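First the structure, in the form of structure tokens, and then the observations on it.
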Amino acid sequence: MGLTGIEILKMLPKKNCGECGVPTCLAFAMKVAAGQEDIGACPYVSDEVKEKVGEASAPPIRTITLGSGEHKFEVGGETCLYRHEKRFEHPTGLSVMVTTEMNDDEVSARLSRFSALRYDRVGVELKADLVAVKDEGGDGEAFSSLLERVRSQCPDAAIILMSESAGILKGGAEACGDHKPLLYAATPANADNMAAVAKEMDCPLAVRGATIGETAELSEKLQGEGLKDLVLDTGARTMKAVFEDQVVCRRAAIKHKYKPLGFPTITFPCEMTRDSLTEAMITSVLIAKYAGICVLSDNHGDILFPLLLERLNIFTDPQRPMVVQEDIYPINGPEENSPVLITCNFSLTYFIVSGEIEGSKVPSWLLIKDTEGLSVLTAWAAGKFSADLIAQFVKKSGIEEKVKHRSLIIPGYLASIKGELEEELPDWKIQIGPREASHLPPYLKSWKPEG
Ligand code: SF4
0 MGLTGIEILK
10 MLPKKNCGEC
20 GVPTCLAFAM
30 KVAAGQEDIG
40 ACPYVSDEVK
50 EKVGEASAPP
60 IRTITLGSGE
70 HKFEVGGETC
80 LYRHEKRFEH
90 PTGLSVMVTT
100 EMNDDEVSAR
110 LSRFSALRYD
120 RVGVELKADL
130 VAVKDEGGDG
140 EAFSSLLERV
150 RSQCPDAAII
160 LMSESAGILK
170 GGAEACGDHK
180 PLLYAATPAN
190 ADNMAAVAKE
200 MDCPLAVRGA
210 TIGETAELSE
220 KLQGEGLKDL
230 VLDTGARTMK
240 AVFEDQVVCR
250 RAAIKHKYKP
260 LGFPTITFPC
270 EMTRDSLTEA
280 MITSVLIAKY
290 AGICVLSDNH
300 GDILFPLLLE
310 RLNIFTDPQR
320 PMVVQEDIYP
330 INGPEENSPV
340 LITCNFSLTY
350 FIVSGEIEGS
360 KVPSWLLIKD
370 TEGLSVLTAW
380 AAGKFSADLI
390 AQFVKKSGIE
400 EKVKHRSLII
410 PGYLASIKGE
420 LEEELPDWKI
430 QIGPREASHL
440 PPYLKSWKPE
450 G
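Dropping the structure here:
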């Protein structure tokens, strides 16, 4: 059970100095209790307090980190069962598999796709995260050379090293250096050797039992031996069983604080079917229902892209609107005679409108007004995109120094504020743009200034 803000406050020095970036100790304590600040941000708390608060406020599902630096991949850290209760913290990692038994062309094709398949959506880069490197015949040399190819062709991929041999995993972990891989996997038969390698190499270790019960027992044993960073594979390889296990693990960890299952999970849709569409369907269910990592057999764009979109939707923080910064955005190299458009800062609106302007190839200025992430009509109804606020923004934005004309294009849905806006901006002519962003290209191509 986490500590309350008042309990945390009792452990703070109560100087109210603001050095933590929060004006008072009470406000800071509340933020720590809500998981919005780290106790370490107060320079005056003792190590003992840091440890106590850190332990009490640790998420019931441990955060596991793979990779390094800017290519760090995190999984786990979850604190709730349902997204609307707070948010889901770390998106399900999507992994492609390469094995020592694959021919060179197949390996190259998969690794090339891993590097090439990147999509920009509402300002976020969507891509697969991990490459699972699997030893199939116990050949350490073949495993090392496969790993070397993965590291050089996909330097930003987090790595899963898969072998029955602790020695081969150790060699792989050494080759990865600081770019920490996940070692897969400790089983009841090899747990001691795998645990020794994981400890020596300071790498997270996957734990695989034949059932969820056996996985929990093994996890408990390994924790007892001092291993902290575990990832769970409950051994299930059917849709129904793996789905049930993901739910049981999440509920046990979050509702019952059951520590042996308080780790992210790894799942293998690639081992549940040979049909790529069925594999995609299984993965989509597991993204929605708590899988930490899904290992796919391959990574074709027509399978990967919808999964990445689903993941983006599920792991977006429902309490924080996606916004872009209030500013003037030049598109297609505008100059002093280019059209000026204005819209809200809801990021989806921004990316759709800017995409259409870009597609039109008409040099334009796009003014983005802060509407706290609300879309055009919602912001207008909430009084955040009213004529007086738009006028204030236009005056202070600096657009008047960038263009000679005084014509402002407003969204078609705001036609009713034209008169009011012309009163607020007497030097400007207000033009009503199209209602739909998709109609912007023809509109802009025939646009003429009025002011
Ligand atoms: S830095 Fe520490 S003492 Fe100062 S206000 Fe923050 S919590 Fe209080």
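In terms of numbering that gives the first Met the number 0, the sequence shown opens at residue 0 and continues consecutively.
Think of the CB as a built atom: it goes at the ideal place given N, C-alpha and C, for glycine as much as any other residue.
None of these values were measured; they are calculated from a predicted model.
{"query": "Which of helix, strand or coil DSSP assigns to G92", "result": "strand"}
{"query": "Check whether K368 and F384 have beta carbons under 8 Å apart", "result": "yes"}
{"query": "Nearest-angstrom beta carbon gap, A157 and G92 [assumed within contact, 8 Å]", "result": "7 Å"}
{"query": "The region 94–111 touching the region 73–85, judged by at least three CB pairs closer than 8 Å", "result": "no"}
{"query": "CB of E355 within 8 Å of CB of L231, strictly", "result": "no"}
{"query": "Contact test: G66 Cβ vs ligand 1 heavy atom, cutoff 7 Å", "result": "no"}
{"query": "Near ligand 1: I23 beta-carbon under 7 Å from a heavy atom", "result": "Here residue 23 turns out to be Thr, not Ile, going by the sequence shown. Yes, since a heavy atom of ligand 1 falls inside the 7 Å radius drawn around the Cβ of T23."}
{"query": "Option in P90, P333 and E423 with minimal Cα separation from E124", "result": "P90"}
{"query": "Contacts around V241, its chain only, beta-carbon distance under 6 Å, and the 5 residues preceding and following it disregarded", "result": "A235 and T266"}
{"query": "Exposed unless 16 or more other CB atoms sit within 10 angstroms - verdict on C16", "result": "exposed"}
{"query": "Residues that S363 bridges to, as DSSP identifies them", "result": "I330"}
{"query": "Host alpha helix (DSSP H) of D301 (start-end)", "result": "G300 to F314"}
{"query": "Neighbourhood of Y328 by C-beta, 7 Å cutoff - its chain only, sequence neighbours within 5 removed", "result": "S353, L365 and I367"}
{"query": "Same chain only: Cβ atoms within 8 Å of L308, ignoring 5 sequence neighbours per side", "result": "R120 and L125"}
{"query": "Nearest-angstrom Cα separation, counted from G4 out to F392", "result": "39 Å"}
{"query": "Cα-Cα separation, G176 to E105", "result": "26 Å"}
{"query": "Assigned exposure category for L376 - 16 Cβ within 10 Å defines buried", "result": "exposed"}
{"query": "Among P362, V322 and P305, nearest to G332 - alpha-carbon criterion", "result": "P362"}
{"query": "Reference I451; option with closest CA among P320, N312 and F350", "result": "Since the first and last residues shown for the chain are 0 and 450, residue 451 lies out of range."}
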